[in-house]
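Protein chains in written order, with my numbering: chain A, 2 to 113; chain B, 6 to 120. First up is the structure itself, then whatever we jot down about it.
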Amino acid sequence: TQLLEQSPQFLSIQEGENLTVYCNSSSVFSSLQWYRQEPGEGPVLLVTVVTGGEVKKLKRLTFQFGDARKDSSLHITAAQPGDTGLYLCAGARRTGANNLFFGTGTRLTVIP
Amino acid sequence: NAGVTQTPKFQVLKTGQSMTLQCAQDMNHEYMSWYRQDPGMGLRLIHYSVGAGITDQGEVPNGYNVSRSTTEDFPLRLLSAAPSQTSVYFCASSVWGSLSGNTIYFGEGSWLTVV
C-alpha cells in the first residue's frame, strides 16, 4: 500500500490553463516536499512545507500543506510547456528524519 | 559541480548474477540513501546511512546490501539479481537533520534490467 496517493496520475492541458495536483494520506507528516523529475534525471526539489496550513509560492506554483499535515496540493497558474514533467510529493514521518515516503506521481503534459 | 554521481547508468544482468551500483557525493553530506523507482509506485527507500559505518534498512531492503566505509561513497550491492529487481535506482544525499531548509540531492539514476 502506498502511504501517499497523488491525483490525478496523468494530466494533459493546454498552455495557459490552471491546474491542481493533490497529495493525500491518512498519516501525519512532519514535513512534506514537492519534486519535479525530468526524463532520465533524478527528482529535483521544488519546495518544503513544514507547518500545517502553510502556503508557499514559487513564481506560478503555489504549494499548500493541509492543516492536519496529512495532505498537500500544488497549483500551477497559466501552465507553460516548460512545466511538463513528473511531479512527486514526498513526506517525512519524523522531525529530523531525512527518509522520505514518495507519492505515486503526477505526469503533467502542457500542450503549446 | 559533481553533486551525486551514480555508475553505471545502464546495466543488464542475468538472473542470479551479482553487481554493485556505485554512488559518490562530494558535498560532505552525512546522510545518503538508495531508492528504487517503479512505474505507478513513486520512489521507495531501500537502505540509508547517517554517517560512515552506520547503515539501516528502508521500506524495501530485501535482496540488497549496503556499506558506508567513507563519507563520500555508498555502494548498493545486489547479491543474486532477480527479475523483480528490474528498476531505476536513485542515490540521494543531504545534510542529516530536519528537512526544513535542507535539500536532498538525487543522482541521475541507474537503469537496471534483470533478464
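All residues carry an ideal CB built from backbone N, CA and C; glycine is no exception.
Neighbourhood of residue i by C-beta, 6 Å cutoff - its chain only, sequence neighbours within 5 removed
i        : result
B:Met-37 : Ser-54, Phe-79, Ser-98
B:Trp-39 : Ile-51, His-52, Leu-81, Cys-96
B:Leu-26 : Leu-81, Tyr-94, Ser-115
Where residue i falls, given that 16 or more other Cβ within 10 Å makes a residue buried
i        : result
B:Gln-42 : buried
A:Ile-77 : buried
B:Leu-84 : exposed
A:Asn-99 : buried
For residue i, the three-state DSSP class (helix, strand or coil)
i         : result
A:Gly-86  : strand
B:Gln-90  : helix
B:His-34  : coil
A:Glu-16  : coil
A:Ser-103 : In the sequence as displayed, the identity of residue 103 of chain A is Phe instead of Ser. Of the three classes helix, strand and coil, the one that applies to A:Phe-103 here is strand, per DSSP.
B:Leu-84  : coil
A:Ser-8   : strand
A:Ala-91  : strand
B:Thr-10  : strand
B:Ile-109 : coil
B:Ala-29  : strand
A:Lys-57  : strand
A:Asp-68  : coil
Those residues which DSSP pairs with residue i across a bridge
i        : result
A:Phe-30 : According to DSSP, which records beta bridges pairwise, A:Phe-30 is partnered with nothing at all.
B:Met-24 : B:Leu-83
Near the ligand MG: residue i beta-carbon under 8 Å from a heavy atom
i        : result
A:Leu-62 : This structure does not include the ligand MG; it has no bound ligands of any sort.
Nonlocal neighbours in the same chain, by C-beta distance under 8 Å from residue i, ignoring five residues either side
i         : result
B:Asn-107 : Ser-99, Val-100
A:Lys-71  : Asn-25, Ser-26, Ser-27, Ser-28, Val-29, Phe-30
Residues near residue i in its chain [Cβ-Cβ closer than 7 Å; skip 5 each side]
i        : result
A:Lys-57 : Val-48, Val-50, Phe-64
With a threshold of 8 Å, are at least 3 pairs of Cβ atoms found where one atom belongs to the segment 11-22 of chain A and the other to the segment 65-77 of chain B?
no
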